[in-house]
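Protein chains in written order, with the numbering used here: chain C, 154 to 470; chain V, 17 to 107.
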């Protein structure tokens, strides 16, 4: 069984370490290894705490999000071998706390792309903290929130979180939003429970200015051709990957259950077949968080690729 | 995995299903798109693709992500699936 990895990210001072320091002693947390890049003002006293210096390995094509985080890869491999040799307690989870300005994509790329690591670890969830006082701050902050599966609005005792929560709901409606005062959440709040079904999400249109990051949702009543979808999405990410901060969806590809897709910038998780649909609604729904394009443009383009597939007879192979 | 770096990983997320039959269909569909840019893709022994332009220049690519990188290089311009001309050509 693969060891789950939680990516804990959030802007400088948004309460990541406070949250982590409250979670680690919690009885439900179990044995957890922690990898941090910096030791901040909030001290963490934990026997499996490892500090690493962020060390990136830029791959040949120079794509920023596909930079391997060599420090993280080395540390995960070392944790693995020391656990196997019995030198450290048999941890059941790893939490990676990023620096406040870290782009989450290279970390995800390292987890999904490194051949050793992807066989022993799997991403469990991306948790992003956002400070209720300051909200989202700049490009990295927006990327971190877009990558999140759970958003934690912190310091809600110091500021009314309503405006920040509205902003987060527009930016990333696929993520559940939780509130925390001094990190008072349980592991179950963060790690249990199903992901939101993209078909149930509410999208607020009309707020985005040109160039703003915003969430869009595509809905297709008829099944999508998986080959056409793969060609279309790879081409889209090649063309506009820097502006596609997140892709998440349930696809009807004509199988018994939906196909779950999840990507952050250029980094796409291996698609996962779910055994069955949760209800009678068989429509495909795909959430995009990005900028520089509209949902209508995506819809027209994907529909054209899908029609081209229907016109290219796979039976003639 | 990554659209740009899949070449290094050799198990591109979009090519993990369908087997030989799926690969042939993928090649056919890719050619519907690539012909709009004056390019052609041929399968070579079921393991790599050979991409060619009309001047006879060629590039060998081994997965879907790398196809777009090399295709743009051969065509000398960026591609965009949202380009209305491409959408019209496929419709």
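Cβ atoms here follow ideal geometry from the backbone N, Cα and C, with glycine treated the same way.
Neighbour flag for residue i against chain C, beta carbons, 9 Å
i: residue 56(V); result: no
i: residue 74(V); result: no
i: residue 69(V); result: no
i: residue 38(V); result: yes
i: residue 92(V); result: no
i: residue 63(V); result: no
i: residue 21(V); result: Because the pLDDT at residue 21(V) is just 46, under 50, the model does not fix this residue reliably, and the point stays unresolved.
i: residue 42(V); result: yes
i: residue 16(V); result: Absent from the model: residue 16(V). The displayed extent of chain V is 17 to 107, so no value can be given.
i: residue 29(V); result: yes
i: residue 66(V); result: no
i: residue 88(V); result: yes
i: residue 85(V); result: yes
Integer-rounded CB distance, given that residue j should sit under 8 Å from residue i
i: residue 299(C); j: residue 398(C); result: 4 Å
i: residue 378(C); j: residue 456(C); result: That belief does not hold up - the Cβ atoms of residue 378(C) and residue 456(C) are roughly 11 Å apart, past 8 Å.
i: residue 158(C); j: residue 274(C); result: 5 Å
i: residue 98(C); j: residue 416(C); result: What the structure shows of chain C is the stretch from 154 to 470, and residue 98(C) is not part of that stretch, so it cannot be assessed.
i: residue 165(C); j: residue 283(C); result: Not really, about 12 Å apart at Cβ, beyond 8 Å.
i: residue 181(C); j: residue 242(C); result: Residue 181(C) to residue 242(C), Cβ: 17 Å. No contact.
i: residue 437(C); j: residue 103(V); result: In fact, because the Cβ distance is near 19 Å, the residues do not count as touching under 8 Å.
i: residue 77(V); j: residue 88(V); result: That belief does not hold up - the Cβ atoms of residue 77(V) and residue 88(V) are roughly 12 Å apart, past 8 Å.
Residue i to residue j span [Cα, whole Å]
i: residue 396(C); j: residue 230(C); result: 32 Å
i: residue 347(C); j: residue 341(C); result: 11 Å
i: residue 252(C); j: residue 171(C); result: 14 Å
i: residue 30(V); j: residue 313(C); result: 44 Å
i: residue 404(C); j: residue 386(C); result: 13 Å
i: residue 307(C); j: residue 236(C); result: 34 Å
i: residue 69(V); j: residue 447(C); result: 32 Å
i: residue 376(C); j: residue 240(C); result: 51 Å
i: residue 107(V); j: residue 460(C); result: 7 Å
i: residue 35(V); j: residue 449(C); result: 33 Å
i: residue 431(C); j: residue 409(C); result: 11 Å
i: residue 249(C); j: residue 226(C); result: 11 Å
i: residue 73(V); j: residue 224(C); result: 40 Å
i: residue 54(V); j: residue 370(C); result: 33 Å
i: residue 256(C); j: residue 160(C); result: 11 Å
i: residue 304(C); j: residue 422(C); result: 20 Å
i: residue 10(V); j: residue 392(C); result: Nothing about residue 10(V) can be read from this structure; chain V reaches only from 17 to 107.
i: residue 281(C); j: residue 56(V); result: 44 Å
i: residue 213(C); j: residue 66(V); result: Its pLDDT being 46, under 50, residue 213(C) is placed unreliably in this model, and the value from its coordinates should be taken loosely. If I take the Cα positions, the gap works out to 21 Å.
i: residue 270(C); j: residue 260(C); result: 12 Å
i: residue 64(V); j: residue 39(V); result: 10 Å
i: residue 439(C); j: residue 228(C); result: 35 Å
i: residue 264(C); j: residue 374(C); result: 34 Å
i: residue 156(C); j: residue 43(V); result: 37 Å
i: residue 267(C); j: residue 222(C); result: 10 Å
i: residue 321(C); j: residue 309(C); result: 15 Å
i: residue 350(C); j: residue 302(C); result: 12 Å
Residue-level contact to chain V via CB, residue i, 9 Å cutoff
i: residue 392(C); result: yes
i: residue 424(C); result: yes
i: residue 421(C); result: yes
i: residue 348(C); result: no
i: residue 339(C); result: no
i: residue 253(C); result: no
i: residue 388(C); result: yes
i: residue 457(C); result: yes
i: residue 439(C); result: no
Cβ shell of residue i (< 8 Å), same chain only, five flanking positions each side left out
i: residue 179(C); result: 339, 340
i: residue 316(C); result: 288
i: residue 311(C); result: 285, 286
i: residue 384(C); result: 458
i: residue 428(C); result: 409, 410
Member of the options whose CA lies at the smallest distance from the CA of residue i
i: residue 187(C); options: 167(C), 233(C), 283(C), 426(C); result: 233(C)
i: residue 258(C); options: 464(C), 419(C), 319(C), 274(C); result: 419(C)
i: residue 327(C); options: 278(C), 408(C), 394(C); result: 278(C)
i: residue 59(V); options: 97(V), 102(V), 79(V); result: 79(V)
i: residue 75(V); options: 47(V), 52(V), 103(V), 90(V); result: 90(V)
i: residue 465(C); options: 380(C), 270(C), 373(C), 319(C); result: 380(C)
i: residue 176(C); options: 438(C), 421(C), 333(C), 452(C); result: 333(C)
i: residue 120(V); options: 32(V), 28(V), 101(V), 71(V); result: In the structure displayed, chain V extends from 17 to 107; residue 120(V) sits before or after that span and is not available.
i: residue 247(C); options: 276(C), 266(C), 238(C); result: 276(C)
i: residue 471(C); options: 295(C), 266(C), 350(C), 309(C); result: Missing from the structure shown is residue 471(C); chain C here goes from 154 to 470 and no further.
i: residue 293(C); options: 350(C), 437(C), 167(C); result: 167(C)
i: residue 388(C); options: 32(V), 37(V), 46(V); result: 46(V)
Cβ-heavy atom distance, residue i to the ligand HEM, below 8 Å
i: residue 164(C); result: Annotation note on the ligand HEM: not contained in the displayed structure, which lists no ligands.
CB contact check: residue i to chain A, cutoff 9 Å
i: residue 225(C); result: In the structure shown, chain A does not exist; the protein chains are C and V.
Proximal residues to residue i (C-beta, below 7 Å), its chain only, five neighbours per side dropped
i: residue 451(C); result: 369, 371, 441
i: residue 413(C); result: 403, 424, 425, 427
Cβ neighbours of residue i in the same chain (closer than 6 Å, five flanking residues each side left out)
i: residue 435(C); result: 405
i: residue 445(C); result: 396
i: residue 169(C); result: 161, 163, 250, 282
i: residue 245(C); result: 183, 184
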